[in-house]
Amino acid sequence: MQQTALNFGRRAAHSALLSFTHPSKELLHRQRPLLRHAVPAGFPSPAVDYVERRLSLDEHMIEHNDSTFFMRVKGDSMREMNIADGDLLVVDRSLPSTHECVVIAVVDGEFTVKQLLHTQHGHLLRAAHPDYPDMQIKPEQDFSIWGVVKWSIHQV
Amino acid sequence: MPLALVDCNNFYVSCERVFNPKLEGRAVVVLSNNDGCVIARSSEAKSFGVKMAAPWFKLEIFSKQQGIIALSSNYALYGDMSARVMSTLSTFSPKQEIYSIDECFLDLDGFAPQSLASYGQTIRQTVKRNIGIPVCVGIGDTKTLAKLANHCAKKGFAGADGVCDFGLLSIDERQTIFANIPVGDVWGVGRRITQQLLSMNIQTVEDLRTANPDIIRKQFSIVLGRTVQELNGIPCIDLEETESPRQQIMVSRSFGSSVTSFTDLSESVAHYATLAAEKLRRDKSVACSICVIIQTNSHQEHEPQYQGSLIVPLPQPSDSTMKLVEAALKGLKTIYRSGFRYKKSGVLLMGLQPKSTIQPTLFDDPIEQDISTSLMQVMDAINQKMGAGKLSIAASGICKPWAMRREGKSPNYTTDWKELPEVA
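So the protein lines, in turn, are chains G and Y.
Terminal number for the first sequence in our numbering: 156, no gaps in between.
Terminal number for the second sequence in our numbering: 424, no gaps in between.
Following this line, the structure appears as structure tokens:
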């Protein structure tokens, strides 16, 4: 393989030598690389002084980059809080789970999206749909809050 | 100068558990590429006696009987979770050295010494809450001590709730703990050095700490001499904040099933060269040569064995997929022998240097190089937007019959819109 590299080098040297003695069109072209760049010659844009950054949805919706995750809604248990089947949830794990916020909870190893209520009997998960009853979390149940839902993004 | 070493517990298993809470409390192992061997174990799997690097085919039946869950590795997930953990940890100190995918050092110089353990707790709770990954924190005056403190925190030898600060222990307490830890658990003391140390009757960490550093340096190396000093609280190994640039890039994989034909083999080599070239461009480097490697399965002892490798120099240092694939295939043609069942192929990019510092030669063709750079930029942009591997060169094949087996891989929960976790 060393051989190949050498061959390549020799061939290149040969052709370069030829080009110097007989300047070809190609060589002339190569000697003017600057001409390949556009030179702005018109009137400078008056908008230049007013350029601001374009709006970013990421910036708008994500407060904490490292602790924000996306999830997909399955089912309509949160319909009346405008969280529909197929919606995209923006979930922030770093936020405190306050009374009445919408959370991703883990109940007996399953993810669920519900409204969290702090009651005198402990945590209560409430759906936003008449067919789904409240779920009072019993002390023996395997329960944790996974994150707080900040946004639900619904495709129109 | 106190330092903390923050290390994620059973990192790959923990990543899987964040998105699959049912794995909590179960014995879980993560397998290497092609489900070859165990590369991560939950504490439950460890208590079943499953060893690190244990070959899966030997464990499969036992695991099924015991209900151990085996997952194929999901590096897209682990990489993203690692980035989140490291970025969160970087907010706890002005100086951070990311040591591996799941551990980093933090400089705690200037923090009040009495409050370091509670700061460690804050670190631990924050990472657990924000990312969902459990970590242990070890605090000591040197990197070696911080590593050892982390080991103690993890094993529960010292400290509490996953945080161990050696600064809080009296000299006596420390000596007692050190006298109970085998010397092989010290950072940088490998299996061979351990054997030699044992023959010199240096069995525990305390034995090594009190060993004569001059003798250690003479009999072993400067490196182990430093370890002895570090165990005595004298810092010898600096915090490296900036990652030292890579010297080599290796991409190699074993095949899902054995490969015999030159076509399949060349497809795999072209594919790995493509991946290596992408890494190279991300690093803004160029390579001077590429090494091709092919080998048969050494575990199948009754089959004929062959290993071939060849270094192919590039005419000019390059980061172009086309150039690297061309060179790799040229090399493969030379080393390929028919009649063997190949198990693995790979490429190694060598002589890496920053692209910005290439010395142009007299015979370079600047126009061709510009075109090549633009082409690669377009390819990378398309693949970034549409998903990895969407646009690739035809030489790397379409069907990829040799591709890896990853039967139990979890979805790419955080890196693919189509694979987000679902919630009812």
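From the three backbone atoms N, C-alpha and C, an ideal C-beta is built for every residue, glycine too.
Cutoff 9 angstroms: residue i Cβ touching any chain Y Cβ
i      : result
G/L71  : It should be pointed out that residue 71 of chain G corresponds to Met in this sequence rather than to Leu. Yes, G/M71 counts as interfacial toward chain Y.
G/T112 : yes
G/H123 : no
G/S94  : yes
G/W151 : no
G/S56  : no
G/L28  : Confidence at G/L28 is low in this model, with a pLDDT of 44, below 50, so the placement of that residue is unreliable and no value is reported for it.
G/D134 : no
G/D142 : yes
G/D131 : no
G/K179 : Outside the displayed span of chain G (1 to 156) sits residue 179 of chain G, for which this structure offers no information.
G/L116 : no
G/I62  : no
Any chain G beta carbon closer than 9 angstroms to residue i
i      : result
Y/I193 : no
Y/V44  : For clarity, residue 44 of chain Y is Glu in the given sequence; the question names Val instead. It does not; no Cβ of chain G falls within 9 angstroms.
Y/P55  : no
Y/I131 : yes
Y/K323 : no
Y/A403 : no
Y/S82  : no
Y/A394 : no
Contact under 9 angstroms by Cβ, residue i with residue j
i      : j      : result
G/L125 : G/C101 : no
Y/L77  : Y/Y413 : yes
Y/T334 : Y/L314 : no
Y/K143 : Y/N9   : no
Y/I133 : Y/V50  : no
Y/P21  : G/E52  : no
Y/S254 : Y/N34  : yes
Y/L375 : Y/S410 : no
Y/Q295 : Y/P317 : no
Y/T415 : G/D66  : no
G/K138 : Y/A424 : no
Y/V286 : Y/K344 : no
Residue i burial status per 10 Å Cβ neighbour count (16 or more: buried)
i      : result
Y/Q96  : buried
G/L27  : Residue confidence is low: G/L27 scores 45 on pLDDT, short of 50, so the model does not pin down where it sits. No coordinate-derived value is stated.
Y/L348 : buried
Y/E407 : exposed
Y/G25  : exposed
G/Y50  : exposed
Y/G190 : exposed
Y/W417 : exposed
G/R54  : exposed
Y/V378 : exposed
G/H64  : exposed
G/P133 : exposed
Sheet register partners of residue i (DSSP bridge)
i      : result
G/E110 : G/V107
Y/C136 : Y/D7
G/W151 : G/V90
Y/P182 : Y/T204
Y/E422 : G/R72
Y/L348 : Y/M250, Y/C291
G/H123 : G/H118
Y/S285 : Y/P354
G/F143 : G/V107
Y/Q359 : Note: Y/Q359 sits in no beta bridge, so no partner.
Y/C164 : Y/G138
Continuous alpha helix (DSSP H) assignments of at least 4 residues falling wholly in the segment 58-113 of chain Y | 75-89
Start-end ranges of the beta strand (DSSP E) lying completely within the segment 311-340 of chain Y, minimum 3 residues | none
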